[in-house]
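Sequence order for the protein chains is A and B.
Just so we're aligned, residue 1 is where the first sequence starts under my numbering, counting upward by one.
Just so we're aligned, residue 1 is where the second sequence starts under my numbering, counting upward by one.
A virtual CB, placed ideally from N, CA and C, is assigned to each residue, including glycine.
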Amino acid sequence: MSTNAKTRIVGAPVLRKEGVDKLLGRARYVDDIDREGMWPGATVRSTIPRGFIRSIGFDRRIDWSEFTIVSAADIPGKNHVQLIFADQPCLADGIVNHCDEAILLLAHPDKHKLREAVDAVHIEYEPLPPIFTIEESERQELVVWGSDNVVKSFLLEKGDVDSVWADAAHIVEGEYRTGAQEHLYIENNGVIADWNEAAGITVWGSLQCPYYVHRSLLAVFDLPEDKVRVIQTETGGAFGGKEDYPSTLAAHAALLAMKSCHPIKMVYDRMEDLAATTKRHPSRIRHRTALDKDGKLLAMDIDIATDAGAYSTLSSTVLSRATLHSPGPYVCPNVRIRSRAWATNTVPYGAFRGFGAPQAIFAIERHMDEIASEIDIDPIELRRRNFLHDGDTTATEQVMRDPVILDQLLDRALRESDYHAKRARFATENPTSAVKRGMGVAAFYHGSGFTGSGERYLNSLAGVDVTPVGKLRVLVANTEFGQGTNTILTQIAAEAIGIGYDDVIMAPADTGIVPNSGPTVASRTSMVVGRLIERACSQLIAMLREHAGLGEHFTSEEFFEASERYRAAHGEVVSLCRYEAPPNVFWDDQKYRGEAYPAYAWSIQIAQVAVDTVTYSAEVEDFWAVQEVGRVLNPVLAGGQIEGGVAQGIGYALYEKVVLQSGHMANNQMTNYIMPTAEDVPLIHVFFEEIPFQHGAFGAKGIGELPHDGPAPAILNAIKDATGVSFRSIPLLPEDLFEKLVAREIVEEAATI
Amino acid sequence: MSRSQCMLRFTVNGQDRAVRVFPMKRLLDVLREDLRLTGTKEGCGEGECGSCSIRMNGALVNSCLVPVLQAEGADIQTVEGLATSGSLHPLQQAFLQCGGAQCGICTPGMLMAATQLLSINPHPTMAEIREGLAGNLCRCTGFIRIFDSVIAAAARNQSSDQAVHAR
């Protein structure tokens, strides 16, 4: 179907598919589920960051015969969590590499006794020296991972960077840092596992990727595919935080279920979830940039270092996305990007909305403002002079074949925010006001779908069938966790067949029922999986026309009648489609060259920030987000994605600080890990420009991660505009503002004496 | 903590309920485990996130911080008590239409906070809405569409007020 065709359901603000259940309080999250004979399970964790386990003692005051106890020795298959590399044990065996690493599992019918028992296990260690920072890891005096602490590295080169420095009119350098960030989904990680000899393992859980968990369990239990079944329950937020961790948790619960012969529920409380599960990778990014006298980019030399934590998890692919987003949405003939993920003895960092891009975009978009002030050019003008346009090539030499409308997005954002008039007004007001106001901009893209050859390797399969009760059913392993998968895929299927929204249902995300349509990550669901559903629907119509007399034009009723005729003659009414890469897509995994992503979503964000020089608090007063994400499939859901992402980005910039002590999260409570509340978020003004993408479902590109990429640099740029002081590190808390702003006041006072 | 259970009585969503429980058991757990009213959620267990918000004797409380003993004789309302005879409460309808619920885990608590707000202030200003919902954390929406939902429900109040005046 043409992406410009008029649609009935796609593009309409239809109501969230599972909305009524959620509003009535009857949606069933994992902790709402009870099973006959179910026991709670708990985890005994390491209290030191690195060392050998010398002994495990059990307090004699506890009757341990009542408990099921699982250690690494109980694992029937391989003791590792299967992700990209197999370096992370499911349970520590003789050595621990970070605080809060799982060592022992306990289960007991009484949750109070279980809690007492966890504290009654005494583990003796022979400590080894740990490392906690990128810099310590880089020194390689202590090697805590592999042969050199380098979990992954990339080198990407375009042109000849070193030929440029000598003759460049300007060279600007800068170093930028970002901290860890916790997902803070309001529902903690949790699963239920059951086991019996005949059926094998069944897991129900709060998770993003049922087939990731499935694959991981196969390895841990050494079972054939049909003896492991993974079912997603209603999921109360994920943001990447339930991409890889559920593989670990599911294995733990299943081990206890197998040994105890009881269903096991493991639902973390907030303190355990914060201490033990993954977070966004901290980063340090250095830019060295050459420009000509007109402010055109000549060379970008970028050095990226991320903190991977103790095990590799998804650090390699996060680093890849950071690398590919680090040059920003600009044209530059000479680019060199060297990136490395460094191991430390902290809880492994993992996937989080944006997946490396927020770190990289913070650095380049702060750096663009630093360049602008250094070479004395307006930051808006500097960006305009260097924006990518159609036909330009990126750092990977990908030609921008689809329209790139950054200028148009920027014009709209400037107009909607009244940027120039406000900047002028603030410049007049600020000198006599204790509250300094400023405006800041960030320009960026986010690549939709898996990087490079990723989607080809995934080789996703998805489709639809018709149920005997007369519903079209969407068959995908892609999960709903608030972002709107159910609604969007239902809209796509209803539109593609030409039936009503209520004629379509979602199959449960259950590996026993649905094919592997890939993980629900990387802003791929609407664009990639949606496209598979669109194709599967067209294929189904063709099938019914050929074999069941479906007419050229038909009503819903006629469609389901034809389906039943087909069923009577041929059996199941099902249509599945496998991923096909868009044509002319080339990617070289070795040289990191070619089409890094099939499509890009583009955005300009503007923040209006007030810095109170009495309290040293920074407040985002107003926020504008203008973006091009292809066709908008549902304006209410799309707006919600942008607003939610912006709010998380504001938290990333100004509120959310993970405090580590010996690699353990010291502020692992909502009392002292602070996210923005209803009183902290500004009004967020959202505008879409729509350019349908030929290879996405009804023209859709990715949307989910994009909005989290821009707020941090836009806000810190606004703070620089307000105060004249550059901050190059987030989170930026009042104490950080105080330190630098007071230091400047002292210097200024000294100068006036 | 008392080791012996006791019988407690209170009203939940208009129905008289009696439970034999430990008096220091959290009201949240009594609702979820003893009464199987699982609409009320636990997010943090320390009164920060508001997912377990319920109304008790006309006040908004975090049920994770209330020992059930304190609920003796109380009139309690949970999310399950909002809809009447199969039709959504105006706030539920507004949340559905405005996109006020995404993942849905904060939604029951958010709905109770919004119900409480509109019960004492049927036409709140934006600042009053923000203040009224400040104890309830939502990680998905950025709150914007939750504000829209409360405004939409309040507008329905307004039109029903006007209908009353017109009569």
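Buried versus exposed call for residue i [16 or more other C-beta atoms within 10 Å across all chains shown]
i: SER85(B); result: exposed
i: ILE715(A); result: buried
i: SER607(A); result: The residue you asked about is not Ser; residue 607(A) is Ala in the sequence shown. Its Cβ being crowded by 16 or more others within 10 Å, ALA607(A) is buried.
i: ARG167(B); result: Confidence at ARG167(B) is low in this model, with a pLDDT of 46, below 50, so the placement of that residue is unreliable and no value is reported for it.
i: VAL143(A); result: exposed
i: HIS287(A); result: buried
i: GLN789(A); result: What the structure shows of chain A is the stretch from 1 to 753, and residue 789(A) is not part of that stretch, so it cannot be assessed.
i: ASN149(A); result: buried
i: ARG48(A); result: Note on residue identity: the sequence assigns Ile, not Arg, to residue 48(A). With 16 or more other Cβ atoms within 10 Å, it is buried.
i: GLN694(A); result: exposed
i: MET439(A); result: buried
i: GLU243(A); result: buried
i: VAL521(A); result: buried
i: TYR211(A); result: buried
Residue-chain proximity (residue i, chain D), Cβ-Cβ < 9 Å
i: VAL19(B); result: No chain D appears in the structure shown, which is made up of the protein chains A and B.
Identity of the residues DSSP links to residue i by a beta bridge
i: GLU126(A); result: PHE52(A)
i: HIS685(A); result: TRP624(A)
i: LYS152(A); result: ALA341(A)
i: ALA77(B); result: Reading off the sequence shown, one finds Gln at residue 77(B), where the question assumed Ala. In DSSP, GLN77(B) forms a bridge with ARG55(B).
i: SER575(A); result: VAL464(A)
i: GLN754(A); result: The question about residue 754(A) has no answer, for chain A in this structure spans 1 to 753.
i: LEU660(A); result: MET665(A)
i: CYS6(B); result: VAL21(B)
i: ASP59(A); result: Note: ASP59(A) sits in no beta bridge, so no partner.
i: ALA290(A); result: ILE171(A), ALA299(A)
i: GLU475(A); result: A small correction: the amino acid at residue 475(A) is Leu; Glu does not occupy that position in the sequence shown. Partner(s): GLY463(A).
i: TYR600(A); result: GLY447(A)
Close beta carbons around residue i, own chain, < 7 Å, minus the five adjacent residues each side
i: LEU544(A); result: LEU550, ALA562, SER563, TYR566
i: ARG145(B); result: CYS98, GLY99, GLY100
i: ASP369(A); result: PRO379, ASN717, LYS720
i: GLY237(A); result: TYR185, ILE186, GLU187, PHE481, GLY482
Nearest neighbour of residue i, chosen from the options [CA to CA]
i: ARG229(A); options: VAL614(A), PRO515(A), LEU540(A), ASP736(A); result: PRO515(A)
i: GLN398(A); options: GLY452(A), PHE426(A), SER260(A); result: GLY452(A)
i: ILE499(A); options: ALA507(A), THR490(A), GLY699(A); result: THR490(A)
i: GLY109(B); options: GLY25(A), SER46(A), TYR185(A), GLU136(A); result: GLY25(A)
i: TRP204(A); options: LYS265(A), MET258(A), GLY146(A); result: LYS265(A)
i: ALA434(A); options: GLU745(A), HIS122(A), GLY174(A); result: GLU745(A)
i: ALA83(B); options: VAL68(B), ALA59(B), ILE105(B), MET112(B); result: MET112(B)
i: LYS158(A); options: LEU576(A), VAL331(A), ARG321(A); result: VAL331(A)
i: ARG61(A); options: ILE33(A), PRO109(A), ALA27(A), ASP119(A); result: ASP119(A)
i: LEU388(A); options: GLN539(A), ASP402(A), THR43(A); result: ASP402(A)
i: THR393(A); options: PHE355(A), ARG593(A), ARG321(A), LYS259(A); result: ARG593(A)
i: ILE131(A); options: PRO692(A), THR346(A), ASN478(A), MET670(A); result: THR346(A)
i: GLU656(A); options: SER729(A), ILE703(A), ALA73(A), LEU114(A); result: SER729(A)
i: GLU80(B); options: GLN93(B), LEU88(B), GLY39(B), ALA114(B); result: GLY39(B)
Sequence-distant residues of the same chain with beta carbon closer than 6 Å to residue i, five excluded per side
i: ARG20(B); result: GLN5, MET7
i: THR7(A); result: GLU495
i: GLY132(B); result: LEU117
i: HIS262(A); result: GLY37, TRP39
i: THR248(A); result: VAL81
i: GLY94(A); result: ILE53
i: LEU184(A); result: MET675
i: LEU65(B); result: GLY47
i: ASP32(A); result: none
i: HIS367(A); result: GLY174, HIS287
Neighbourhood of residue i by C-beta distance below 8 Å, restricted to the same chain and skipping five residues each side
i: GLU689(A); result: ILE405, GLN408, LEU409, ARG412, VAL626, GLN627, GLU628
i: PRO348(A); result: GLN88, HIS98, THR278, ALA308, GLY309, ALA310, TYR311, SER312, THR313, SER315
i: LEU615(A); result: Note that residue 615(A) is Thr in the sequence shown, not Leu. Excluding positions up to five away in sequence, the list reads PRO734.
i: ARG17(B); result: ARG9, PHE10, THR11, LEU35
i: ALA74(B); result: PHE10, THR11, MET56, ASN57
Distance cut-off 8 Å: residue i Cβ against heavy atoms of the ligand GTP
i: ALA509(A); result: With respect to small molecules bound, the structure shown includes none, and the ligand GTP cannot be examined in it.
Cβ pair count under 8 Å reaching 3, the stretch 160-174 of chain A against the stretch 289-301 of chain A: Segments in contact, yes.
The stretch 20-38 of chain A / the stretch 508-525 of chain A touching (three or more Cβ pairs under 8 Å): No: the two stretches stay apart, fewer than three of their Cβ pairs being nearer than 8 Å.
Touch test, the stretch 744-751 of chain A against the stretch 461-480 of chain A, Cβ-Cβ under 8 Å, three pairs minimum: Contact fails: fewer than three Cβ-Cβ distances are below 8 Å.
Touch test, the stretch 111-129 of chain B against the stretch 147-156 of chain B, Cβ-Cβ under 8 Å, three pairs minimum: In short, these stretches touch, since the Cβ pair count reaches three.
Any 3 or more C-beta pairs closer than 8 Å across the stretch 327-345 of chain A and the stretch 522-537 of chain A: Counting Cβ pairs under 8 Å, fewer than three are found: no touch.
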